[in-house]
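When the letters of the sequence shown are read in order and numbered with the working numbering, they come out as residues 20 to 394. For each residue, glycine too, the CB sits at the ideal point set by N, CA and C. Predicted model, so just to flag it, every value in this text is computed and none were measured. These notes concern the structure reproduced below.
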Amino acid sequence: MSKAQNVLVIGGGVAGLAVAIGLHNKGVKVEVVEKDASWSVYHVGIIVQANFIRALEQLGVGKAAVAAGYPYKGARFKNVAGQVIAELPGDSQVDGLPSDLGLTRPALHEVLTSKVKQLGIPVRLGVSFDSFTDTGSGVDVTFSDGTSGSYDLMIGCDGNYSAVRKVLWPEAAPKYTGQAVWRYNVPRPADLEWSDIYVGIDNGFKGKAGYCPLTPEEMYIFAVIEEPGKPRFAPETLADEMRKRLAGYGGTMAEAARHVTDPALVVYRPLEACIMPDPWYKGRVVLIGDAAHSATPHLGQGAAMAVEDAVVLAEELADKDVDAALRAFMDRRFERAKLVGTSSIQLGEWEMHPETAGDPVALTQRIREKLAEPV
Ligand SMILES: Cc1cc2nc3c(=O)[nH]c(=O)nc-3n(C[C@H](O)[C@H](O)[C@H](O)COP(=O)(O)OP(=O)(O)OC[C@H]3O[C@@H](n4cnc5c(N)ncnc54)[C@H](O)[C@@H]3O)c2cc1C
């Protein structure tokens, strides 16, 4: 038994870059392969909360993320007309840093990729694994560029449709939850300091809509809508379809919806979730981030869970031999990530079945308090 000294990360997204930084900081040799040669991300926003900023700060990039985004006061629930019905102000976890932050996805990507480059962590773009063999004390990997390598541990950070997961857990697959999200960036009203969520719409589409500041100039709108049968839409109709789902809202949303005009800038994503049972590892291969527990966006916690996984895995691997580290990692991560995943899915269920719904504000508040606890 020995500690991991040479680790391969599959996937250069939020989890992969975060765990690469965390391992490098602990003195572990790490390399990343990312299948997307252009290493690109969606242009829309990402909403994060205090536990995300705390975890990023543990990696040394919390302040950079805050500087790249727009801190705001917290989440507000509004009725369809735009009147505030509940406020959940954020509760900062790091002295001097805010709790709730909106930032564009490219801005977050830039923060993480800059750090990885600054640290000199090798990243091969346009490359994935072709196959891997667990040798008992490590993993032998062949890559799509014809090269091969041997590692003490391979970390699957390849997202919701993980190829690593498909090899080791072929029975696991993300399932459609019945809802989809429509997203679009629009100008931010100068006085907007909250993320607002409008509930209770009756415009022929069942769901909710909201927005979140991203920069001093920009915010993004999200509409979470029941979409029976997981429909596909012709690309040129996406802006019209999104505006239909935003019809009838008052307040700031009414004005924001008017800016949804370019179908090429609409990001429409059916929601598919997959929460893996404990353990997320087999032998010398472990999954983290969406590959292990993809949730719906109802709690805005996907990125935070990915970065928390990364911080905890790096800590445990630095301290213990590989088998003990993976078990300790699961003990610290499983219940927390499962709670976020199942609660997110629960919130979506309540939106689709309001007749049996509980109190979404109370559940959101309870989870926020839970996530403020140390990991
Ligand atoms: C449009 C959108 C909006 C979102 N908004 C929010 C939000 O507001 N707040 C929030 O917390 N979360 C949000 N999420 C979820 C959040 O982005 C994810 O939870 C988070 O990115 C998970 O990180 P990850 O590294 O596990 O996966 P990803 O960030 O998806 O990264 C996976 C990486 O692996 C690469 N990859 C895939 N397959 C392979 C392979 N075979 N070999 C090598 N590389 C591979 C991909 O190209 C990608 O770079 C959103 C997601 C989407 C799609």
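In the DSSP assignment, Arg-288 falls within the beta strand (DSSP E) that extends over 286-294. DSSP places Pro-232 within a strand segment (E or B) once states are collapsed to three. Taking C-beta separations shorter than 6 angstroms and ignoring five residues to either side along the sequence, the partners of Asn-222 in its chain run Ala-266, Gly-267, following chain order. Of the candidates Arg-73, Ser-118, Gln-77, Ala-74, Ser-118 places its Cα closest to the Cα of Tyr-91.
Annotation for Leu-358: Ile-386, Lys-389 place their beta carbon closer than 8 angstroms to its own, counting only its chain and skipping 5 residues before and after. By the neighbour-count criterion, in which a residue is buried when 16 or more other Cβ atoms sit within 10 angstroms of its Cβ, Val-103 is exposed. Membership of Leu-265 in any beta strand (DSSP E) is not indicated, and neither H nor E is assigned to it by DSSP.
In this structure the stretch 186-205 touches the stretch 268-280; the number of beta carbon pairs closer than 8 angstroms is three or more. The residues Cys-293, in chain order, have a CB closer than 7 angstroms to that of Ala-192 in the same chain once the five nearest residues on each side in sequence are set aside. Here Glu-53 carries a strand assignment [DSSP, helix/strand/coil]. Here Gly-367 has Thr-196, Gly-197, Gln-198, Val-243, Leu-290, Thr-315, His-317 as same chain residues with Cβ atoms under 8 angstroms from its own Cβ, once five neighbours each way along the sequence are excluded.
In the displayed model, Ser-214 falls within a strand according to three-state DSSP. In this structure, the C-beta of Gln-198 stays at least 7 angstroms away from each heavy atom of ligand 1. Taken from the Cβ of Val-80, every heavy atom of ligand 1 lies 7 angstroms or farther away. CA-CA distance, Val-380 to Ala-105, rounds to 8 angstroms. Out of Ala-344, Asp-342, Gln-384, Ala-347, the CA that lies nearest to the CA of Ser-362 is found in Gln-384.
Among the bridge pairs identified by DSSP, Phe-151 is matched with Val-160.
For the alpha helix (DSSP H) assignment, the uninterrupted runs of no fewer than 4 residues enclosed by the stretch 311-339 are, from N- to C-terminal side, 321-338.
Listed as beta-bridge partners of Lys-227 by DSSP are Val-243. Positions of the alpha helix (DSSP H) runs, each at least 4 residues long and wholly inside the stretch 70-102, are given as 81-87 in order along the chain. Going by DSSP, Asn-44 is part of the alpha helix (DSSP H) stretching over 33-44.
DSSP places Arg-251 outside both helix and strand once states are collapsed to three, so it counts as coil.
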